[in-house]
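Residue numbers (the working numbering): 1 to 169.
Inspection log for the structure reproduced underneath, given as structure tokens.
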């Protein structure tokens, strides 16, 4: 039995991007209760050499969108980076969810066995198949950045748990 690539990508990306939105809303509630601006979370980091919270969310969203765009062989959205507010992050999450909802599942599934080329960081990477792109590059990077974003909020006192990460609350 073969599992369709769209079934191993879209639900995972959608669930975790939704979870990032849920965690962000909890961060806003935490800040309101504690009496500070939730934008203070944006520059927070796990370590000095890691991306801040805002960039972790943006990069996680970017991996989801770029992975799907490559599988569909479609143009990459040019959303850029540099969220300056919590509203910017909510907008990025919503744009990502809309992009995922509009994905062409037939095109994604057709890419499972075809070679895929990805340009990133001034480097071209070639993958033997769309399935390999997802398994060895896109999904691990997406989950790393989504986990880092979650961990930053958790480290700084936001009451988020595994069910929030999985968007199950």
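Just so you know, even glycine gets a beta-carbon here, dropped at the ideal spot from N, CA and C.
Supposed close pair residue i, residue j - CB separation, criterion 8 Å
i: residue 163; j: residue 71; result: Wrong, their Cβ atoms sit about 29 Å apart, outside the cutoff.
i: residue 100; j: residue 2; result: That pair is no contact at about 22 Å.
i: residue 51; j: residue 44; result: Not really, about 10 Å apart at Cβ, beyond 8 Å.
i: residue 140; j: residue 126; result: Actually they do not touch by this definition, with Cβ atoms about 17 Å apart.
Nearest-angstrom Cα separation, counted from residue j out to residue i
i: residue 8; j: residue 108; result: 10 Å
i: residue 178; j: residue 106; result: Nothing in the structure corresponds to residue 178, since the chain is present only between 1 and 169.
i: residue 67; j: residue 73; result: 10 Å
i: residue 196; j: residue 27; result: In this structure the chain extends from 1 to 169, so residue 196 is not present and cannot be described.
i: residue 135; j: residue 112; result: 11 Å
i: residue 98; j: residue 167; result: 17 Å
i: residue 80; j: residue 122; result: 16 Å
i: residue 75; j: residue 61; result: 16 Å
i: residue 84; j: residue 149; result: 16 Å
i: residue 57; j: residue 158; result: 16 Å
For residue i, the residue or residues it bridges with in DSSP
i: residue 58; result: None; residue 58 has no bridge partner.
i: residue 133; result: Answer is none; residue 133 lacks a bridge partner.
i: residue 116; result: 127
Exposure of residue i, with buried meaning 16 or more beta-carbon neighbours within 10 Å
i: residue 41; result: buried
i: residue 155; result: exposed
i: residue 37; result: exposed
First and last residue of the uninterrupted alpha helix (DSSP H) at residue i
i: residue 221; result: The structure shown does not extend to residue 221, since the chain spans only 1 to 169, so no value can be given for it.
i: residue 21; result: 5-34
i: residue 145; result: 139-155
Boundaries (first-last residue) of the beta strand (DSSP E) holding residue i
i: residue 127; result: 123-127
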